[in-house]
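**Q** Below is one structure. I have some questions about it.
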Amino acid sequence: DTGVSQNPRHKITKRGQNVTFRCDPISEHNRLYWYRQTLGQGPEFLTYFQNEAQLEKSRLLSDRFSAERPKGSFSTLEIQRTEQGDSAMYLCASSPFTAANTGELFFGEGSRLTVL
Amino acid sequence: GDSVTQMEGPVTLSEEAFLTINCTYTATGYPSLFWYVQYPGEGLQLLLKATKADDKGSNKGFEATYRKETTSFHLEKGSVQVSDSAVYFCALSDAYNFNKFYFGSGTKLNVKP
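Residue numbers (my numbering), protein chains in the order written: chain A, -5 to 110; chain B, 671 to 783.
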């Protein structure tokens, strides 16, 4: 049973460059989430997919951020024209569909972005 | 809006000591409440959960009770071990939008032998 996989685990880039992170969720999970975590803080919601549809985006997700899940399997999070304030851990999580309000999130180990 | 507040760390305890990590929340409706744990070098993983008032979640010797009257979900363990050293996050899922989770800032626990 493979868990949620994220890569790269660490990316160092210069300000103004574009970066892309990939997330492979647990195979039978149709829901996929991106969160951002800065040092000393808990994860903050960025966006959510059900299958290939992006159903919700946080106001934290500026126009420089775009997320896709083209075939309802893996997802990518791209950050264009990176800024130093984008430095954070980007977490991906997945969950199976549940009708009840009890959903558990399964997290990957995260992709750490450092913008110089 | 919904939010979670948990006690700041780090918390340092000796092995076999009693642990309490406080967590309070603000939410409309009836959210589900969770404790997630992050061991060094690993991703967050669910520790326990409670979905309605007065429910008690438990796992690995940890317990937390959903108290609606005090809007709290404090984490407790009677006797901690060195292996419990980790960062603990309290979280809630929005009652009206259960796809959205709100996390506290995390509490780091250090257990000394």
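Here a beta-carbon is modelled for each residue, glycine too, at the ideal position from N, C-alpha and C.
Which partner residues does GLY727 (chain B) have in the DSSP bridge list?
**A** Note: GLY727 (chain B) sits in a beta bridge opposite B:ALA734.
**Q** Thinking C-beta only, is GLU686 (chain B) closer than 8 Å to THR777 (chain B)?
**A** Not closer than 8 Å, so no.
**Q** Distance check for VAL752 (chain B) and PRO783 (chain B), CA to CA, integer angstroms please.
**A** Using only the alpha carbons, I get a separation of about 6 Å.
**Q** Rounded to a whole number of angstroms, what is the C-alpha to C-alpha distance between LEU33 (chain A) and GLN11 (chain A)?
**A** When rounded, the distance between both Cα atoms is 22 Å.
**Q** Compare the beta carbon distance of ILE6 (chain A) and LEU110 (chain A) with 8 Å and say whether it is the shorter of the two.
**A** The answer is yes: Cβ separation under 8 Å.
**Q** Using only the alpha-carbon positions, how far apart do PHE743 (chain B) and PRO90 (chain A) sit?
**A** Using only the alpha carbons, I get a separation of about 25 Å.
**Q** In chain A, what lies closer than 8 Å to SER742 (chain B) by C-beta?
**A** Simply none; closest approach about 17 Å.
**Q** Would you mind reading off the limits of the beta strand (DSSP E) that contains GLY6 (chain A)?
**A** Note on identity: in this sequence residue 6 (chain A) is Ile, with Gly being the wrong assignment. 4 to 7 is the span of the beta strand (DSSP E), which, as asked, contains ILE6 (chain A).
**Q** Could you pull out every residue in the same chain whose Cβ sits closer than 7 Å to the Cβ of PHE68 (chain A), ignoring the five residues on either side in sequence?
**A** ARG16, CYS17 and ASP18.
**Q** If the cut is a Cβ gap below 8 Å, which residues of chain B does PRO37 (chain A) touch?
**A** Result: LEU714, PHE759, PHE771 and PHE773.
**Q** Quick one: measure Cβ to Cβ for CYS760 (chain B) and GLN708 (chain B), integer angstroms, because I've assumed they're closer than 8 Å.
**A** The Cβ separation is near 12 Å, so there is no contact.
**Q** Closer than 7 Å by beta-carbon distance: list the chain A residues that pair up with GLY776 (chain B), in chain order.
**A** Those are GLY36, listed as they occur along chain A.
**Q** Start and end of the beta strand (DSSP E) containing GLN676 (chain B)?
**A** Where GLN676 (chain B) is concerned, the enclosing beta strand (DSSP E) stretches over 673 to 676.
**Q** Who does GLN708 (chain B) pair with in a DSSP beta bridge?
**A** Paired residue(s): B:VAL757.
**Q** Take the Cβ of GLU712 (chain B) as the centre, count every other Cβ of all protein chains shown within 10 Å, and call the residue buried at 16 or more, exposed below.
**A** It counts as exposed.
**Q** Please name the residues in the stretch 8 to 34 of chain A whose beta-carbon is closer than 9 Å to at least one beta-carbon of chain B, in chain order.
**A** Within the stretch 8 to 34 of chain A, the residues whose Cβ lies closer than 9 Å to some Cβ of chain B are ARG25, TYR27, TYR29, GLN31 and GLY34, listed in chain order.
**Q** Just confirm the distance between the C-beta atoms of GLN715 (chain B) and PHE101 (chain A), as a whole number of angstroms; I'd bet it's less than 8 Å.
**A** 7 Å between Cβ atoms; contact.
**Q** Could you name the residues of chain B that TYR42 (chain A) contacts, counting a contact when the two beta carbons are closer than 9 Å?
**A** In chain order: ASN769 and LYS770.
**Q** Verify the CB distance criterion: does PHE59 (chain A) have a CB-CB separation below 8 Å to chain B?
**A** No - not a single Cβ of chain B is within 8 Å of the one on PHE59 (chain A).
**Q** With DSSP run on the structure shown, which of helix, strand or coil describes ASP80 (chain A)?
**A** Helix at ASP80 (chain A).
**Q** Along chain B, which residues have their Cβ under 8 Å away from the Cβ of GLY102 (chain A)?
**A** Per Cβ cutoff of 8 Å: GLY713.
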